[in-house]
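Colleague:
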Amino acid sequence: MKTATAVPYKRAASHRLTASQWEVISTEPPSPLPPILSGLDYGSVLRIRREVIVDLSGLRADCGLAADVPLLVAASWSSAGTMLRRSLGSVNLSSDDDACLVEIAGDISGGDIAGTLHIDTSILVAHAQDSGAPLAARHAGAVLLQERQTVQLDTSTSFFPVEVVDFNTGLWANPDAGWRLSWNTFALEQPFLGSVRLLINAAHPRIVHAVSGEAPTAEASAIRSAIYFDVARALVLGALASEDFVERDGDYADGSCGKVVYTMIQMLFPGDGIGGLATAAGQRADHFNSDLQGRLRVFWN
42 MKTATAVPYK
52 RAASHRLTAS
62 QWEVISTEPP
72 SPLPPILSGL
82 DYGSVLRIRR
92 EVIVDLSGLR
102 ADCGLAADVP
112 LLVAASWSSA
122 GTMLRRSLGS
132 VNLSSDDDAC
142 LVEIAGDISG
152 GDIAGTLHID
162 TSILVAHAQD
172 SGAPLAARHA
182 GAVLLQERQT
192 VQLDTSTSFF
202 PVEVVDFNTG
212 LWANPDAGWR
222 LSWNTFALEQ
232 PFLGSVRLLI
242 NAAHPRIVHA
252 VSGEAPTAEA
262 SAIRSAIYFD
272 VARALVLGAL
282 ASEDFVERDG
292 DYADGSCGKV
302 VYTMIQMLFP
312 GDGIGGLATA
322 AGQRADHFNS
332 DLQGRLRVFW
342 N
């Protein structure tokens with residue numbers, strides 16, 4: 042059951058804000074942001090914009106605010122799949138007009154969102170107020186009006202979260218390595234798409250080409266197969282080495298690291314219990330690795 046949330050100040054009626062549909066301007070030609078967004082990969086950027094008209098005089102009357110109280114329109118986004126929340130942009134509203142037309146725009150990284158994307162457009166008090174009418178908002182950031190658009194992200198064509206980085210800079214990995222899987226076996230509750238990354242060495246052109254999404258050559262297919270096995274082995278062995286993972290036996294939220302890896306193990310080892318697999322992986326690692334290699338059919342395709 043949803044819980045109603047009340048604020049200790051007056052808010053404006055929803056019709057005080059009129060906005061055009063969000064428009065994707067990172068495509069050519071620009072197009073309306075659809076309710077289901079397909080084909081967004083982790084290396085791309087979703088650039089969006091919209092026009093907003095605010096009935097300032099009506100909004101101030103609804104909220105009991107004086108004509109000189111500074112206001113702004115702000116947009117932000119959040120994603121249930123990654124648990125991230127970010128500001129998209131903001132614009133100050135003129136205090137001289139009865140109505141105000143502004144454009145708001147911003148960028149969203151494809152690697153930061155998964156599952157569901159919420160985009161909120163809000164009218165806020167820009168600065169704290171010392172006085173005002175009873176029940177009028179006084180604090181900076183008080184939300185006077187908010188409108189939300191929700192977009193479902195189609196994961197059927199999504200790629201595994203991959204980032205191409207230069208291993209020669211920072212502490213990514215050995216500079217001669219081709220790839221590295223970045224994840225935390227102690228954070229199995231976290232969203233898989235927000236906390237797991239396959240890092241590809243930008244200084245290794247053959248590896249970069251192999252994961253580029255282009256039609257694979259025989260060499261690229263072999264490299265992909267090696268990466269596939271290495272990533273699967275790291276995820277499976279890392280999870281099976283966790284006592285918490287074994288004890289919970291798949292009791293994780295959908296989309297979490299624990300649930301994704303548990304589902305992977307069930308597909309690879311149908312009918313086998315997690316406890317037995319963990320024992321086999323710990324006592325006979327060489328046998329378990331070769332068994333996993335065979336089940337993944339490495340280099341067969």
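According to our numbering, the sequence shown is numbered sequentially starting from 42. Backbone N, C-alpha and C fix where the C-beta goes; we use that ideal spot for every residue, glycine too.
Could you check where the beta strand (DSSP E) with residue 260 kicks off and where it finishes?
Modeller: Unbroken run through residue 260 is the alpha helix (DSSP H), 259 to 281; no beta strand (DSSP E).
Colleague: Name the residue from 64, 99, 74 and 49 whose alpha carbon lies nearest to the alpha carbon of residue 58.
Modeller: Checked all of 64, 99, 74 and 49; the closest Cα to residue 58 is 99.
Colleague: What does a CB cutoff of less than 8 Å around residue 60 pick up in its chain, not counting 5 residues either side in sequence?
Modeller: For residue 60, where only same-chain residues beyond five positions count, the Cβ hits under 8 Å are 91, 92, 93, 94, 162 and 188.
Colleague: Please work out which residues of its chain come closer than 6 Å, Cβ to Cβ, to residue 300, disregarding the five sequence neighbours upstream and downstream, and give them in chain order.
Modeller: Once the five neighbours on either side are set aside, the close Cβ partners of residue 300 are 293.
Colleague: If you reduce the DSSP assignment to three classes, tell me which class residue 320 lands in.
Modeller: In this structure, residue 320 counts as helix in the three-state DSSP scheme.
Colleague: What first and last residue would you give for the alpha helix (DSSP H) that runs through residue 248?
Modeller: Per DSSP, residue 248 belongs to the alpha helix (DSSP H) from 246 to 251.
Colleague: Let me make sure I understand the geometry here. Which of 248, 268 and 276 has the alpha-carbon closest to that of residue 237?
Modeller: Closest by alpha carbon: 276.
Colleague: With 16 other CB atoms within 10 Å as the buried threshold, where does residue 227 fall?
Modeller: Exposed, by the Cβ-count rule.
Colleague: Do residue 270 and residue 334 have their CB atoms nearer than 8 Å?
Modeller: Yes, Cβ-Cβ distance for residue 270 and residue 334 is below 8 Å.
Colleague: Measure the alpha-carbon distance for residue 212 versus residue 240 and round it to whole angstroms.
Modeller: In a straight line, the C-alpha of residue 212 is about 12 Å away from that of residue 240.
Colleague: Classify residue 153: buried if its beta carbon has 16 or more other beta carbons within 10 angstroms, exposed otherwise.
Modeller: Flag for residue 153 reads buried.
Colleague: Any idea what DSSP makes of residue 57, helix, strand or coil?
Modeller: Residue 57: helix per DSSP, three-state reduction.
Colleague: Pairs of beta-carbons, one from the segment 170 to 185 and one from the segment 118 to 129, closer than 8 Å: are there three or more?
Modeller: No, because fewer than three Cβ pairs between the segment 170 to 185 and the segment 118 to 129 fall closer than 8 Å, the two stretches do not touch.
Colleague: For the beta strand (DSSP E) holding residue 301, just list the boundary residues, first then last.
Modeller: Note, residue 301: premise wrong, no beta strand (DSSP E); alpha helix (DSSP H) at 298 to 309.
Colleague: What are the complete alpha helix (DSSP H) segments, minimum 4 residues, inside the segment 81 to 138?
Modeller: As far as the segment 81 to 138 is concerned, its whole alpha helix (DSSP H) runs of at least 4 residues are 97 to 104.
Colleague: Does DSSP put residue 147 in a helix, a strand or coil?
Modeller: In the structure shown, residue 147 sits in a strand (DSSP, three-state: E or B).
Colleague: Taking Cβ to Cβ, would you say residue 156 is nearer than 8 Å to residue 89?
Modeller: Contact flag unset, no.
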